[in-house]
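Structure first, then comments.
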Amino acid sequence: NASLEIFAEIGMDKLREKSIMLTGYAEALISELGKQYKGVEILTPANKEERGCQLSIQLKNNGKQIFDYLHARGIIGDWREPNQEKAQAGVIRIAPVPLYNSFVDIYKFAKIFAEALQKYNG
Numbered sequence: 483n484a485s486l487e488i489f490a491e492i493g494m495d496k497l498r499e500k501s502i503m504l505t506g507y508a509e510a511l512i513s514e515l516g517k518q519y520k521g522v523e524i525l526t527p528a529n530k531e532e533r534g535c536q537l538s539i540q541l542k543n544n545g546k547q548i549f550d551y552l553h554a555r556g557i558i559g560d561w562r563e564p565n566q567e568k569a570q571a572g573v574i575r576i577a578p579v580p581l582y583n584s585f586v587d588i589y590k591f592a593k594i595f596a597e598a599l600q601k602y603n604g
């Protein structure tokens, strides 16, 4: 009941608006890092109407080490092993949740992600 009360108080429209902004900010920061480090690609559709708050980030180099680095620093995400049949690299999935995450959280994630990329993909 408590979570339903929070949703009702804030309103789904405002939560969706914040979700779009948080995910867009994360997408922009990750895209910039993808320009610096090879093998980093966002798989999730760029069109905000075709996605929720989750972003799938494909990593062609040392993806599991990068994921473990993020996890050890408090980043909660999801790791997907490479698909050997399709020769795909591993994928990290993150989801900035509008009820819990802030723009500062996204910035901190990007900073830690950049550290991981520098260490394992530089």
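With the first letter of the sequence shown counted as 1, position 53 gets the number 535 in the working numbering; the numbers rise by one all the way through. Virtual Cβ for every residue (Gly too), placed ideally from N, Cα, C. Note that the structure is a prediction, hence the values are computed from the model and not measured.
message = Here's the rule: buried if 16 or more other CB atoms are within 10 angstroms of the residue's CB, otherwise exposed. What is Pro578?
response = On the sequence shown, residue 578 is found 96 positions in, with the first residue counted as 1. Classification for Pro578: buried.
request  = Given a cut-off of 8 Å, decide if Gly506 and Lys546 are closer than it, judged by their beta-carbon atoms.
outcome  = For the purposes of this step, residue 546 is taken as the residue at position 64 of the sequence shown. For the purposes of this step, residue 506 is taken as the residue at position 24 of the sequence shown. Going by C-beta atoms, Lys546 is not nearer than 8 Å to Gly506.
key: Close Cβ partners of Asn583 (< 8 Å) along its chain, the five nearest in sequence each way excluded   = Stepping through the sequence shown from its first residue, residue 583 is reached at position 101. Result list for Asn583: Leu504, in chain order.
message = Here's the rule I'm using: 16 or more other beta-carbon atoms within 10 Å means buried, otherwise exposed. How should Gln518 be labelled?
response = The residue labelled residue 518 in the question sits at position 36 within the sequence shown. Exposed, by the Cβ-count rule.
task = Could you spell out where the alpha helix (DSSP H) holding Gly506 opens and where it closes?
result = Counting from one through the sequence shown, the residue named residue 506 turns up at place 24. Met494 to Gln518 is the extent of the alpha helix (DSSP H) around Gly506.
task = Assign Val479 to one of two classes, buried (16 or more other C-beta atoms within 10 Å of its C-beta) or exposed (fewer than that).
result = In the structure as shown, the chain begins at 483 and stops at 604. Residue 479 is therefore absent and cannot be evaluated.
query = Which same chain residues, not among the five before or five after Asn543, have their C-beta less than 6 Å away from its C-beta?
reply = On the sequence shown, position 61 is the one that residue 543 refers to. Excluding residues within five positions, the ones whose Cβ falls inside 6 Å are Gly521 and Asn603.
Beta-bridge partners of Asp560, as assigned by DSSP = By one-based count along the sequence shown, residue 560 stands at place 78. For Asp560, which the question treats as bridged, DSSP gives the partners Arg575.
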